[in-house]
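The end of the sequence shown is residue 689 by UniProt numbering, with every number in the run present. The C-beta atom is built at its ideal place from N, Cα and C for all residues, glycine as well. In what follows, a single structure is set out as structure tokens and then discussed.
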Amino acid sequence: MRKFFRGASFYILAFIIILFIVQNFGRPTQEIDELDFSEFYRALVNDRVTEAHLVERSVEGIWVNNNNEEMSYRSFVPEVFSEERLTLIIEEKIDQEGLRVSAAPPPTTPWFIELLPSIFMVLIFIVFWFVFMQQSQGGGNRVMSFGKSKAKLHKDDEGKRITFDDVAGLDEEKAEVEELVDFLKNPKKYIELGARIPKGILMIGPPGTGKTYLTKAVAGEAGVPFFSISGSDFVEMFVGVGASRVRDLFEQAKKSAPCIIFIDEIDAVGRKRGAGLGGGHDEREQTLNQLLVEMDGFGINEGIIIVAATNRPDILDPALLRPGRFDRQVMVGAPDIKGREQILQVHAKGKPLDEDVNLKVLARRTPGFTPADIENLMNEAALLTARKNEKKIKMETVEEAITKVIAGLEKKSRVISEKERKLTAYHEAGHAVVAKLLTHTDPVHQVTIIPRGRAGGFTMTLPTEDKYYVTKTEMQEHIVHLLGGRVAEKLVLHDISTGASNDLQRVSSIARAMVTQYGMSDKLGSMTFGDGDSEVFLGRDFTSKHNYSEEVAAEIDQEIRKFVEEAYMLTEKLLTENMDKLHVIAQALLKLETLDADAFEMIFTGEIVIGKDDQLEDIQPKLNVVKAKKRAAEAAEEAEVAKEDAKKQDVKVSLKKQEKEELIEVSSDKEEEKDNQDDQDNEENRKEE
């Protein structure tokens, strides 16, 4: 609103309003009798009109009304009454005394009033153009601002300053970018040595791993301006806007140097150039070309560093990744167990945690979680605690939040028939039992027949440690685990259902990857087949090309079928030999609906026996007692580990102290030796003199 009052539109509107008021209300008003022509004619004939002023076909003047009062009047001559007849009557009355007659030319409108319609139309056109440009350019402040950069400038005084201390779980990544901070603080040190700091840093990693946050920490640590923009903000509907915005962005950066430019999702503008739908001269390619020129066009002492983030480095143009542009890549992946614990500590601040909450245990139970996932996990735990009207976040609430983040919202209100409950119980029991019997499969964390998300039930397995490679045996056993539900349905219910559709999709995907990507087929050997990139986008081929013949394709299908059939046979064998375990777990699921890792282990091993007539209130106390003992043992083990760590830390401190004392002793010896040498030199000089 303030911008409106300061703009030209306000003054133009005020001028029009004032002009309207002056035109319509500026003249003094007086009482006038409006006479129809018949009344005027009778008054004229009866000598009651004393003054007549003719203006085209209207008559104005003074007359004597019925009360013998002189009043102003106005009357209009109808078309049917000819002007000649009116003229004759007036000429006849002119000869009489007391009638004054005058005439005036047709009234003319002032020139500025005549211009008002034209001015009004021009104003309408200007307003329409202004609104149109705002809509097409996302609401810029000026009509011609569509060529300006949309980058946001962040400075130290805007909000909280982010430093490396605020970034947890990214130790190696922080070390990689520390020299950027040093360059921004002390650029002369590098220039004098002839060193060239990387002009562009490309942050690569899945969504939510902290690429943007790490870049903000770099800017905050160095204390320099930070420009942020998305790759999609460059290109608009007008040709040439993208290149213009790139130029404007770098002009702003040069004025604020030293500074950092952060381009998020750069793959939106930096994809490979080629024969796409837009040809070789589409708007995106012009923007990319301008970006390439700007990145390789500024000097080393200008202090501008480009940082970009993407999760698709494979589709970026090679010219963008060459030395001199984005010549350094920083991989920002999911944190390991130590990093997850640090991130949990950060997001646990300000949240009242119960004494039983163990962040180390939670770090082990969240493999593959990104920092964004962990932040969402702790927030969900706080929301669940508030929903339960509790004051502190308990361990079981955090466990429930983990399940919710992974599998979705629990749907206890859904009405399920007894037949479908039994089918779901045996399906999930098949997954769980097979996972327990295999040696290279992750241990069971939770089994439930309560629907979550789009699944009627699920079996969650979590690794005990972070994995970076997967062996052939592990992949084969994973296929066996996925087939456990389908095989259990077939063996027990003598029928199969659609519940295994997702399992079968994953089975086919894993088997195909083993054959075509990882070279795990004995028949086809250590070879890969296909380009491994089925993504379709502008600038690349729209159809996938096979680098193998139809005969080889048939052999690939045979090998995939072989892997799946062998896994199916092994699954059938395992469940047939352990049918009693399958029935026990299925019956436990029908009674308890959800089994955590401890309950599943105790029921599977027979530590707790559930009878047919046992109710939930009979089973739960037994489970609670055993769980309490297990948690006490885990706490004692962790205390022992902490004690050992403390001892190691004391040893390190002692060694450092000893090294320091030795260095001091060596230094003092050297100083004493130097003093002795100086004394000898002085003595020799005196003798020579």
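Distance between beta carbons of residue j and residue i, contact taken as under 8 Å
i: Ala381; j: Val398; result: 5 Å
i: Leu288; j: Asp264; result: Not really, about 16 Å apart at Cβ, beyond 8 Å.
i: Ser58; j: Arg74; result: 7 Å
i: Arg325; j: Leu292; result: 7 Å
i: Ile449; j: Glu428; result: 6 Å
i: Lys185; j: Ala219; result: That pair is no contact at about 12 Å.
Assigned exposure category for residue i - 16 Cβ within 10 Å defines buried
i: Gly138; result: Per-residue confidence for Gly138 stands at a pLDDT of 49, beneath the threshold of 50, marking its modelled position as unreliable; the derived number appears in the next sentence. The residue is exposed, with fewer than 16 neighbouring Cβ atoms inside 10 Å.
i: Pro371; result: buried
i: Val602; result: Note that residue 602 corresponds to Met in the displayed sequence, not to Val. So Met602 ends up on the buried side.
i: Gly525; result: exposed
i: Leu344; result: buried
i: Leu383; result: exposed
i: Leu203; result: The displayed chain sequence assigns Met, not Leu, to residue 203. Buried is the call here.
i: Gly303; result: buried
i: Arg365; result: buried
i: Leu44; result: buried
i: Leu320; result: buried
i: Arg561; result: exposed
i: Gln558; result: exposed
i: Glu285; result: buried
i: Phe369; result: buried
i: Lys412; result: exposed
i: Glu172; result: exposed
i: Glu489; result: buried
i: Pro28; result: Note that Pro28 scores a pLDDT of 49, beneath 50, so its modelled location is shaky; the value from the coordinates is reported in the next line. Pro28 is exposed by the Cβ-count criterion.
i: Val444; result: buried
i: Lys211; result: buried
i: Gly377; result: Contrary to the premise, residue 377 reads as Leu rather than Gly in this sequence. Leu377 should be labelled buried.
i: Glu577; result: exposed
i: Thr439; result: exposed
Distance between residue j and residue i (C-alpha atoms, nearest Å)
i: Arg247; j: Phe130; result: 24 Å
i: Lys189; j: Gln329; result: 23 Å
i: Gly169; j: Ala334; result: 9 Å
i: Tyr213; j: Lys254; result: 23 Å
i: Arg245; j: Gly270; result: 15 Å
i: Glu69; j: Phe37; result: 20 Å
i: Asp373; j: Asp336; result: 13 Å
i: Val564; j: Lys581; result: 24 Å
i: Ile229; j: Ile261; result: 8 Å
i: Ser501; j: Ile306; result: 46 Å
i: Ile510; j: Ile479; result: 7 Å
i: Glu34; j: Leu116; result: 30 Å
i: His53; j: Ile62; result: 9 Å
i: His281; j: Arg273; result: In this prediction, His281 scores a pLDDT of 49, lower than 50, which makes its location untrustworthy; no coordinate-derived value is stated.
i: Phe600; j: Asp522; result: 37 Å
i: Gly205; j: Asp267; result: 13 Å
i: Asp533; j: Ala243; result: Because the pLDDT of Asp533 is 49, which lies under 50, any placement of that residue in the model is unreliable, and the number read from its coordinates should be weighed accordingly. If I take the Cα positions, the gap works out to 30 Å.
i: Val447; j: Leu590; result: 11 Å
i: Gln342; j: Ile315; result: 33 Å
i: Gly484; j: Phe529; result: 29 Å
i: Lys472; j: Thr441; result: 12 Å
i: Glu607; j: Val507; result: 33 Å
i: Asp645; j: Glu637; result: 12 Å
i: Arg486; j: Thr403; result: 23 Å
i: Leu193; j: Gln252; result: 28 Å
i: Thr605; j: Asp166; result: 46 Å
i: Val395; j: Val357; result: First, the amino acid is wrong: residue 395 is Met here, not Val. Their backbone Cα atoms lie some 5 Å apart in a straight line.
i: Asn67; j: Ile32; result: 15 Å
i: Pro207; j: Asn311; result: 7 Å
i: Leu491; j: Val584; result: 15 Å
i: Val470; j: Val241; result: 47 Å
Residue i Cβ short of 7 Å to the ligand PLP heavy atom set
i: Lys216; result: The ligand PLP is absent from the structure shown, which contains no ligand whatsoever.
**OP:** Pair every Cβ in the region 404-413 with every Cβ in the region 559-575, then say whether three or more of these pairs are closer than 8 Å.
**Re:** No, the region 404-413 is not in contact with the region 559-575.
Subject >> beta strand (DSSP E) segments (min. 3 residues) lying fully within the region 441-494 >> reply: Within the region 441-494, the complete beta strand (DSSP E) runs of at least 3 residues fall at 444-448 and 458-461.
Original post:
Unbroken alpha helix (DSSP H) runs of length 4 or more, entirely within the region 216-258: which are they?
Top reply: Taking only runs of at least 4 residues, the alpha helix (DSSP H) segments lying wholly in the region 216-258 are 241-256.
**OP:** Could you tell me whether the region 214-225 touches the region 169-181, where touching means 3 or more Cβ pairs closer than 8 Å?
**Re:** Yes, the region 214-225 is in contact with the region 169-181.
**OP:** Indicate whether the contact test is met: 3 or more Cβ pairs, each with one atom in the region 480-497 and one in the region 431-446, closer than 8 Å.
**Re:** The region 480-497 vs the region 431-446: in contact.
**OP:** For the region 393-446, list the alpha helix (DSSP H) runs that are entirely contained and at least 4 residues long, ordered along the chain.
**Re:** Correct list: 395-407 and 418-437.
Original post:
Mind pulling the beta strand (DSSP E) runs of 3 or more residues that sit fully within the region 310-377?
Top reply: Taken in chain order, the unbroken stretches of beta strand (DSSP E) that lie wholly in the region 310-377 and span 3 residues or more are 328-331.
Original post:
Can you find at least 3 beta carbon pairs, one from the region 442-458 and one from the region 416-431, that sit closer than 8 Å?
Top reply: The region 442-458 vs the region 416-431: in contact.
Subject >> In chain order, each beta strand (DSSP E) run of at least 3 residues that lies wholly inside the region 152-191 >> reply: Listed in chain order, they are 152-154.
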